[in-house]
Amino acid sequence: MIRALILLTVLATPAGAQSVFDRAAGLYGSATDPAASCTTNPHHLAFMAAPPHAIFTWAHPVQDHVGQTRAHARYDILAYDDSSITLRLEGQDLHTDSGGQAIWILRLTSNPEGYCWGRTDWPDVRCVEPAVRCGEQAPTS
């Protein structure tokens, strides 16, 4: 159902208009961590319609929240609107204080252009790990 909705949304987007997926896709670096910056270790964000996934790929492997090294992360797309995408990290074992699985919200930002992360169990104003869109000079491998 969600797959069909995403595909229909992308296909139904008027010419010249961009979906949240079109606007979010691209190359990013951390706004706060020099080791993950655009010049040191940028990551690419891409989307698949079937099945609906967000794919993050780093130029060089990074450590995740449990200390494992990875160069890719895949998230299931659960919902979206014009400025955010709600995601669940595949293979994630992180839980909320109430015991449920952590559900992430990628929120697009405009100044600077990029995104930050929220969660469904956090206040709406909390947005961490800001990433900025990289310019043409960023390495891609």
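Those letters in the sequence shown? Residues 150 to 290, per the working numbering, in order. Each residue gets a CB set at the ideal place from its N, CA and C atoms; glycine is no exception. This structure is a prediction, so every number in the text was calculated from the model and none was measured.
Which of helix, strand or coil DSSP assigns to residue i
{"i": "residue 277", "result": "strand"}
{"i": "residue 183", "result": "helix"}
{"i": "residue 233", "result": "strand"}
{"i": "residue 218", "result": "strand"}
{"i": "residue 246", "result": "coil"}
{"i": "residue 290", "result": "For residue 290, the predicted structure reports a pLDDT of 43, less than 50, and the residue's modelled location is therefore unreliable. A value from the coordinates is still provided. In the structure shown, residue 290 sits in coil (DSSP, three-state: anything other than H, G, I, E or B)."}
CA nearest to the CA of residue i, picked from the options
{"i": "residue 284", "options": "169, 178, 277", "result": "178"}
{"i": "residue 174", "options": "180, 275, 197", "result": "197"}
{"i": "residue 280", "options": "247, 200, 188", "result": "188"}
{"i": "residue 200", "options": "172, 191, 226, 169", "result": "226"}
{"i": "residue 195", "options": "242, 243, 169", "result": "169"}
{"i": "residue 246", "options": "230, 239, 270", "result": "270"}
{"i": "residue 205", "options": "273, 193, 248, 249", "result": "193"}
{"i": "residue 232", "options": "238, 258, 244", "result": "258"}
Presumed contact (8 Å Cβ cut-off) between residue i and residue j, rounded CB distance
{"i": "residue 210", "j": "residue 220", "result": "4 Å"}
{"i": "residue 208", "j": "residue 191", "result": "6 Å"}
{"i": "residue 274", "j": "residue 265", "result": "The Cβ separation is near 11 Å, so there is no contact."}
Endpoints, alpha helix (DSSP H) assigned at residue i
{"i": "residue 171", "result": "169 to 173"}
beta-carbon residue i near the ligand NAD non-hydrogen atom, thresh 6 Å
{"i": "residue 249", "result": "This structure simply doesn't include the ligand NAD, nor any ligand for that matter."}
Where the beta strand (DSSP E) through residue i begins and ends
{"i": "residue 259", "result": "253 to 259"}
{"i": "residue 192", "result": "192 to 197"}
{"i": "residue 212", "result": "202 to 212"}
{"i": "residue 265", "result": "262 to 268"}
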